[in-house]
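Colleague:
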Amino acid sequence: MFSTAFSALTQGFAALTWQSVLMVLIGCVLLYLATARKIEPILLIPIGFGIVLGNLPLAGLAASNQGGIINLLYKSGVLTELFPCLLFIGLGAMIDFGPMLANPIVLIFGAAGQFGIFITLLLALALGFGRGQAVSIAIIGACDGPTAIYVASKFAVELLPAVSIAAYSYMSLVPIIQPPIMRAMTSKKERATLMPPDEKKVSKTVKLLFPLVAGIITILIAPMGAPLMGMLMLGNFMKESGVVGRLIDVSQNTLTNLVTLFLGLSIGAAMLGGNFLKWQTIAVFGLGLLAIAFDTVAGVLLGKLMYVLSKHKINPLLGAAGTSAFPMSARVVQREGQKANPRSFLLFHAVGANTGGQIGSVMAAAAMLAIMSKLLIK
Amino acid sequence: MYTVYRYREANLKDLSFGLTMTFWGMGITLLTLGLLILVIRLLNRMYPFKDETKDEKKD
Chain A
38 MFSTAFSALT
48 QGFAALTWQS
58 VLMVLIGCVL
68 LYLATARKIE
78 PILLIPIGFG
88 IVLGNLPLAG
98 LAASNQGGII
108 NLLYKSGVLT
118 ELFPCLLFIG
128 LGAMIDFGPM
138 LANPIVLIFG
148 AAGQFGIFIT
158 LLLALALGFG
168 RGQAVSIAII
178 GACDGPTAIY
188 VASKFAVELL
198 PAVSIAAYSY
208 MSLVPIIQPP
218 IMRAMTSKKE
228 RATLMPPDEK
238 KVSKTVKLLF
248 PLVAGIITIL
258 IAPMGAPLMG
268 MLMLGNFMKE
278 SGVVGRLIDV
288 SQNTLTNLVT
298 LFLGLSIGAA
308 MLGGNFLKWQ
318 TIAVFGLGLL
328 AIAFDTVAGV
338 LLGKLMYVLS
348 KHKINPLLGA
358 AGTSAFPMSA
368 RVVQREGQKA
378 NPRSFLLFHA
388 VGANTGGQIG
398 SVMAAAAMLA
408 IMSKLLIK
Chain B
131 MYTVYRYREA
141 NLKDLSFGLT
151 MTFWGMGITL
161 LTLGLLILVI
171 RLLNRMYPFK
181 DETKDEKKD
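Residue numbers (my numbering), protein chains in the order written: chain A, 38 to 415; chain B, 131 to 189.
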């Protein structure tokens, strides 16, 4: 009787494996970073706690435990791609396309900022990853967490935890990853290029029509990206309409925060020791880093081209803001520009390129989804 | 509830697949953003910014 009760009370300890212990420790490190260092706490606390809960044996809280509450969230929100799409409504409601609409040429940087995706795709294929896996890893280069989750949940669910963690981590590490590349690729004279700081104004009608028109055009070109682009433009249309204050408030705050909590918890609980502690995970992180580095390289190269074509009127640093890491990339460009020339004020233009990167990343993902859909059958 | 995909035995080899994806992926992204630049310019011409505060002062 005593021994039965003892074994019942210690079965959790007995079922611990070294992998689950290590994952619990990793979860605790994330919680430490979030609380003590205040690094991405909104995201890292749910993910860190999800890792801890998911890896405690017999608790039934892993994302793969059928019938568990986190399993329910994972199946209904992550695997159905619902959560990333809902996040895009909030994102659209927060974005101001004004700087981009005032100077639309910066949109082109949003294309260059996606180049790393495709270089990484080739590298991942060369390393032996399957096509769906390679696409899912490459999309980390979109520098956009929800887009990465959306694509990975479609083509490589087994890599979803690693891809999503890498995507969000590198988004927050943009201020560390980008500056050395930007400085290495440009001369001080180029970085010091002054651009007019005055903010051109755009009419309210243009701001209102843009999400509608852009949504229709992009969805017609790449219908597979419709859930992401549609929700992004819906959120932005609501914001610019100015007549649905309550919906905007909910989208920017409650919806985004709640979905981030559920998404983080689900992703964390999917990171089980047995399937996360593999060489593939390290490869995913390495390739993800390369993807963002190549995005920056391609962006700055295009920036240099524009610098020459515009007869030294466009600061080449703007190219680095073509990624989707909003607003981190824009801030990095502003800071680096000001380091080279204290009179430089690039933020307005960089924010324009950065919002172009948001559209570019969804377009690149949509294009990949469209091509993949032709190579796959249900 | 959600779509599960499996691979069709595609004729493309991995390198061809990667290059095809790169060509079309970058191509479509560039093309779409280029088109959006034209659309924005058109919208800005159709609905130029008018300073409403100035109009109010005139009234």
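Glycine included, C-beta positions come from ideal geometry on N, C-alpha and C.
Would you check if the region 277-285 of chain A and the region 84-99 of chain A touch, i.e. whether three or more CB-CB distances between them fall below 8 Å?
Modeller: No: fewer than three Cβ pairs fall under 8 Å.
Colleague: Of the residues Ile126(A), Ser113(A), Thr157(A) and Ala387(A), which one's Cα is nearest the Cα of Ile145(A)?
Modeller: Your numbering for residue 145(A) matches position 108 in the first sequence. Taking only the C-alpha atoms, the option nearest Ile145(A) is Ala387(A).
Colleague: Looking at the unbroken alpha helix (DSSP H) that takes in Pro264(A), where does it start and where does it end?
Modeller: Residue numbering aside, residue 264(A) sits at position 227 when the first sequence is read from its first letter. Run containing Pro264(A): Ala263 to Ser278, per the alpha helix (DSSP H) assignment.
Colleague: Give me the chain B residues within the contact set of Lys238(A), using Cβ-Cβ distance strictly less than 8 Å, ordered along the chain.
Modeller: Here residue 238(A) refers to the residue found at position 201 when the first sequence is read from its first residue. Under the 8 Å cutoff, chain B gives Phe179 and Asp181.
Colleague: Select from the region 227-258 of chain A all residues with a C-beta closer than 7 Å to any C-beta belonging to chain B, and list them in chain order.
Modeller: Hits within the stretch, in order: Lys238, Val239, Ser240, Thr242, Val243, Leu246, Phe247, Val250, Ala251, Ile254, Thr255 and Ile258.
Colleague: Which of the three DSSP states, helix, strand or coil, is assigned to Trp55(A)?
Modeller: Counted from its first residue, the first sequence places residue 55(A) at position 18. Residue state, collapsed to three classes: helix.
Colleague: When burial is assigned at 16 or more other CB atoms within 10 Å of the CB, is Ala140(B) buried or exposed?
Modeller: Reading the second sequence from its first residue, position 10 is the one you call residue 140(B). For Ala140(B), the predicted structure reports a pLDDT of 44, less than 50, and the residue's modelled location is therefore unreliable. A value from the coordinates is still provided. Label assigned to Ala140(B): exposed.
Colleague: Measuring alpha carbon to alpha carbon, tell me which residue in Ala203(A), Cys180(A), Ala377(A) and Ala259(A) is nearest Ile408(A).
Modeller: Within the first sequence, the letter at position 371 stands for residue 408(A). Cα-wise, what sits closest to Ile408(A) is Ala259(A).
Colleague: Between Gly153(A) and Phe331(A), is the Cβ-Cβ spacing less than 9 Å?
Modeller: Reading the first sequence from its first residue, position 116 is the one you call residue 153(A). Reading the first sequence from its first residue, position 294 is the one you call residue 331(A). Yes, they are a contact pair.
Colleague: Give the secondary structure of Gly99(A) by DSSP, where H, G and I count as helix, E and B as strand, and everything else as coil.
Modeller: Taking the first sequence and counting its residues from 1, one reaches residue 99(A) at position 62. The question names Gly, yet the displayed sequence has Ala at residue 99(A). Correct three-state label for Ala99(A): coil.
Colleague: Can you give the Cα-Cα distance for Thr333(A) and Leu339(A), rounded to whole angstroms?
Modeller: Within the first sequence, the letter at position 296 stands for residue 333(A). Within the first sequence, the letter at position 302 stands for residue 339(A). Going from the Cα of Thr333(A) to the Cα of Leu339(A) covers about 10 Å.
Colleague: Run through DSSP, which three-state label would Gly135(A) get?
Modeller: Taking the first residue of the first sequence as 1, we reach residue 135(A) at position 98. Note: Gly135(A) maps to helix in three-state DSSP.
Colleague: I'd like to know whether the C-beta of Met137(A) is nearer than 9 Å to at least one C-beta of chain B.
Modeller: For the purposes of this step, residue 137(A) is identified with residue 100 of the first sequence, where counting begins at 1. For Met137(A), the answer is yes, since a Cβ of chain B falls inside 9 Å of its Cβ.
Colleague: Taking three-plus beta-carbon pairs below 8 Å as touching, is the region 261-278 of chain A in contact with the region 48-61 of chain A?
Modeller: In short, these stretches do not touch, since the Cβ pair count stays below three.
Colleague: Within 10 angstroms of the Cβ of Tyr207(A), are there 16 or more other Cβ atoms? Answer buried if so, exposed if not.
Modeller: Translated into positions along the first sequence, residue 207(A) becomes position 170. It counts as buried.
Colleague: Whose C-beta lies closer than 6 Å to the C-beta of Asp181(A) among residues of the same chain, with five residues either side of it excluded?
Modeller: By 1-based counting over the first sequence, the position of residue 181(A) is 144. The answer, listed in chain order, is Ser361 and Ser398.
Colleague: Taking DSSP as the reference, what is the three-state secondary structure of Val388(A)?
Modeller: Here residue 388(A) corresponds to residue number 351 of the first sequence, with the count starting at 1. Here Val388(A) sits in helix by DSSP.
Colleague: Is Ala204(A) helix, strand or coil by DSSP?
Modeller: Residue numbering aside, residue 204(A) sits at position 167 when the first sequence is read from its first letter. Three-state result, Ala204(A): helix.
Colleague: Nearest to Pro353(A) by CA position, among Ala320(A), Ala390(A), Leu326(A) and Arg380(A), is which residue?
Modeller: Walking along the first sequence from the start, residue 353(A) turns up at place 316. It is Ala390(A) whose Cα lies nearest to the Cα of Pro353(A).
Colleague: Count the other CB atoms, across all protein chains shown, that sit within 10 Å of the CB of Thr392(A); report buried if there are 16 or more and exposed otherwise.
Modeller: Residue mapping note: residue 392(A) aligns to position 355 of the first sequence, counting from 1. Buried: at least 16 other Cβ atoms inside 10 Å.
Colleague: May I ask you to report which of helix, strand or coil DSSP gives Asp181(B)?
Modeller: Within the second sequence, residue 181(B) is the residue found at index 51, counting from 1. Three-state result, Asp181(B): coil.
Colleague: So which residues of chain B does Ile145(A) contact, with C-beta pairs closer than 8 Å?
Modeller: Within the first sequence, residue 145(A) is the residue found at index 108, counting from 1. Here the neighbours are Leu160, Leu163, Gly164 and Ile167.
Colleague: Check this for me: beta carbons of Ile218(A) and Leu324(A), under 9 Å apart or not?
Modeller: Position 181 of the first sequence, counted from the first residue, corresponds to residue 218(A). Position 287 of the first sequence, counted from the first residue, corresponds to residue 324(A). No, Cβ-Cβ distance for Ile218(A) and Leu324(A) is not below 9 Å.
Colleague: Compare the C-beta of Thr133(B) with all C-beta atoms of chain A and state if any pair is closer than 9 Å.
Modeller: The count along the second sequence starts at 1 and reaches residue 133(B) at position 3. Residue confidence is low: Thr133(B) scores 48 on pLDDT, short of 50, so the model does not pin down where it sits. Its coordinate-derived value is still stated next. It does; some Cβ of chain A falls within 9 Å.
Colleague: What beta strand (DSSP E) runs, 3 residues minimum, are completely inside the region 292-337 of chain A?
Modeller: Within the region 292-337 of chain A, no complete beta strand (DSSP E) run reaches 3 residues.
Colleague: Taking only beta-carbon atoms, is Met400(A) less than 9 Å away from chain B?
Modeller: Here the question's residue 400(A) lines up with position 363 in the first sequence. At least one chain B Cβ lies under 9 Å of Met400(A).
Colleague: Is Thr72(A) near the ligand ZN, judged by its Cβ being under 8 Å from some heavy atom?
Modeller: Only the bare structure without any ligand can be found here, which leaves the ligand ZN out of the picture.
Colleague: Output, in chain order, the set of chain B residues within a Cβ distance shorter than 8 Å of Gly393(A).
Modeller: Residue numbering aside, residue 393(A) sits at position 356 when the first sequence is read from its first letter. Those within 8 Å of Gly393(A) in chain B are Leu163.
Colleague: If you reduce the DSSP assignment to three classes, tell me which class Lys376(A) lands in.
Modeller: If you number the first sequence from 1, residue 376(A) lands on position 339. Looking at Lys376(A) - three-state DSSP - the assignment turns out to be helix.
Colleague: Beta carbon of Gln170(A), beta carbon of Ala193(A): below 9 Å?
Modeller: By one-based count along the first sequence, residue 170(A) stands at place 133. By one-based count along the first sequence, residue 193(A) stands at place 156. Yes; because the gap between Cβ atoms is below 9 Å, this pair is in contact.
Colleague: Which whole-angstrom value is the C-beta distance of Ala492(A) and Gly91(A), which I expect to be below 8 Å?
Modeller: It is not possible to answer for residue 492(A), since the shown part of chain A is limited to 38 through 415.
Colleague: Closer than 6 Å by C-beta to Ala139(A): which residues in its own chain qualify, once you throw out the five before and the five after it? Chain order, please.
Modeller: Position 102 of the first sequence, counted from the first residue, corresponds to residue 139(A). Same-chain partners within the cutoff: Lys237 and Val239.
Colleague: Hey, could you find the ends of the alpha helix (DSSP H) Gly252(A) is sitting in?
Modeller: Here residue 252(A) corresponds to residue number 215 of the first sequence, with the count starting at 1. From DSSP, the alpha helix (DSSP H) with Gly252(A) extends over Lys241 to Ile258.
Colleague: What would DSSP say about Ala402(A), mapped onto helix, strand or coil?
Modeller: One-based indexing of the first sequence puts residue 402(A) at position 365. Three-state DSSP puts Ala402(A) in a helix.
Colleague: With DSSP as the reference, label Lys27(A) as helix, strand or coil.
Modeller: Outside the displayed span of chain A (38 to 415) sits residue 27(A), for which this structure offers no information.
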